[in-house]
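All remarks here apply to the structure that follows.
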């Protein structure tokens, strides 16, 4: 009886369900049309705002090489970990694992995130190894991502550290050549538009906005082989003599190029965790010292140029002292009657002071100034010191006398090397430079007549003879010219009695000078503190090695025991120095 009555009720429900499905289909269809038609542009912008990002493309810094193309500073790719503070703060339960991998303090992380909640980017740790970066990304912590950067690496470590300097964590030069040539070396980052997922990982590169421009490579005049040799010998001398510090410079006479510049103490630019700031200085350029007797060749040059003296002029140095006003000048011995050449050979303070007092003070000042004392060089190195050369109108007789043998004037190691290059070049001042000149000096200016330097060079050769103070600077097979210097250290308005600066400056081969070298050892703490005992052996070893490395032929075959009869005439002419009419050795 009730069966037929239920059919209409069922049919009504079916129509209701079908109608509902039809309505939902219509709604969905309308929504599809709305999303893909009416609001497509708006929704696209919103999606892009959440997933599309513009990221920087790092550009690596230019490489620094020595004159032969050997790398001295290179930039290697590394990863840095960064985070979105809001997203990472919401994932507090994952902090422990992150801090453990990155070796950071959880309290530091909490404070850092709290301080930067209004930012979208903060670094967690910069420049980490690739393996560690991979461990971080395997954690899949929201808001934590990697960014490619470059880290500066110095293959030569301490050997070039004081010259090259270093960059900071952003690869910007902070010291040395890195600072001096930062604009040349630094690259320009590019940018690109990418899509990132919720973990901050790039899932698609959309477009390139600008291409990165890498920094330009920089070739220096330094020779890595000579630099290593000079560093090794200077460090050994420092240890042997228990000295406080030291520096050495090697120059190319013909071009003014700096071939080596080393300092002690140095530092490792690849690991600066426990860095002593005093070790950063390039002492060859920033530290000044009184040169002692190494200044005497320039005093002699002024005396010879005055016309009052010749190499054979006799000077009475007896009794080994000279009283000037209330000051007494001493020689180590009573040498008695010496000619000008012997004054240099014996390093007589009395003889040098006597000549200085006999000429006008402006003549001595002019020679000192013209060879570069009292002014910075053309190196353009950051922080270079100018030294001290007071104006001659302020000189009293005592100052005129002491200046003659290197007191009352201060110089840098590079300044002294530049001055000796003037003597080696026949009186031409050629600006020093850290960059190759391709065999041609930047410029040259005559500052001392060539006839004067031709008279001085044989005197400097006598210094390195068996009777001179610089015998330990001798090099078998080569004529060497140079001068020792030993000066008391200035302190507390006076001079310390038992603290010294030991210097040797010279060049080789003396018959056709190619290389100049100056060695300065500060405060040797042994019984051997003279320049001829401390600095001269360093000069000999380094200069001998440099001459061989550069294939500069010997000019003293006699010292090698070579029989002249067995040497072809052409070779003798090429290797042997010319002889003057009086039998003394001349200068090519």
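Numbering (the working numbering), first residue to last: 29 to 616. Beta carbons are placed, not taken as given, at the ideal position from N, Cα and C, and that holds for glycine. Here the structure is a predicted model, which is why all the values come from computation and not from measurement.
With contacts defined as CB atoms closer than 9 angstroms, residue 407 and residue 462 qualify as a contacting pair.
Excluding five sequence positions before and after residue 283, the CB atoms of its chain that fall closer than 6 angstroms to its own CB belong to 465 and 469, given in chain order. In the same chain as residue 349, and ignoring 5 residues on each side of it, the C-beta atoms closer than 8 angstroms to its own belong to 356, 357, 358, 359 and 378, in chain order. Apart from the 5 residues on each side of it in sequence, residue 250 sits with its Cβ closer than 8 angstroms to the Cβ of 94, 95, 100, 188, 191, 286, 287, 288, 289 and 462 in its chain, given in chain order.
Under the three-pair Cβ rule at 8 angstroms, the stretch 310 to 324 counts as touching the stretch 424 to 442.
With respect to the C-alpha of residue 143, the residue from 164, 158, 112 and 396 having the closest C-alpha is 112. CA-CA distance, residue 270 to residue 551, rounds to 8 angstroms. No Cβ-Cβ contact shorter than 9 angstroms links residue 411 with residue 304. DSSP, reduced to helix, strand and coil, places residue 194 outside both helices and strands of the structure shown, so it counts as coil. The criterion of a C-beta distance shorter than 9 angstroms is not satisfied by residue 153 and residue 103. In terms of CA proximity to residue 492, 370 leads the group 370, 135, 327 and 334. Taking C-alpha positions only, residue 86 is separated from residue 179 by approximately 11 angstroms. Separation of the CB atoms of residue 106 and residue 155 is rounded to 4 angstroms, and the pair is thereby assigned contact status at 8 angstroms. Around the Cβ of residue 533, a 10 Å sphere holds 16 or more other Cβ atoms; the residue is buried. Distances from the alpha-carbon of residue 364 to those of 373, 526 and 347 put 347 closest.
The bridge partners DSSP lists for residue 513 are 531.
Between the alpha carbons of residue 509 and residue 257 lies a gap of roughly 21 angstroms. Taking 8 angstroms as the upper bound for CB-CB distance, residue 338 and residue 368 are in contact here, some 7 angstroms apart. Counting only the Cα atoms, residue 418 lies some 28 angstroms from residue 560. Rounded to the nearest whole angstrom, the CA to CA distance from residue 238 to residue 216 is 10 angstroms. Taken in chain order, the whole beta strand (DSSP E) runs of length 3 or more contained in the stretch 476 to 525 are 509 to 519. A contact between stretches requires three or more CB pairs, one per stretch, nearer than 8 angstroms, and the stretch 560 to 575 meets this requirement with the stretch 495 to 502. If you look at residue 435, you'll find it isn't in any alpha helix (DSSP H); DSSP assigns it neither H nor E. The residues 100, 101 and 246, in chain order, have a CB closer than 6 angstroms to that of residue 92 in the same chain once the five nearest residues on each side in sequence are set aside.
Non-local C-beta neighbours of residue 122 in its own chain, meaning closer than 6 angstroms and more than five positions away in sequence, comprise 169, ordered along the chain. Per DSSP, the beta bridge partners of residue 278 are 288 and 545. No Cβ-Cβ contact shorter than 9 angstroms links residue 452 with residue 399. For residue 449, the CB contacts under 6 angstroms within the same chain, skipping 5 residues up- and downstream, are 279, 281 and 544 in chain order. Following the DSSP letters along the chain, one finds residue 176 in no alpha helix (DSSP H) but inside the beta strand (DSSP E) bounded by residues 172 to 181. Collapsing the DSSP output to three states places residue 209 in coil. Of the other Cβ atoms in all chains shown, fewer than 16 fall within 10 Å of the Cβ of residue 55; this residue is therefore exposed. Assignment of beta-bridge partners to residue 344 by DSSP yields 365. Within the stretch 130 to 154, the complete alpha helix (DSSP H) runs of at least 4 residues fall at 134 to 143. The straight-line gap separating the alpha-carbon atoms of residue 396 and residue 130 is approximately 59 angstroms. By the neighbour-count definition (other C-beta atoms within 10 Å, threshold 16), residue 481 is a buried residue.
In the DSSP annotation of this structure, the continuous segment of the beta strand (DSSP E) that includes residue 107 starts and ends at 99 to 111.
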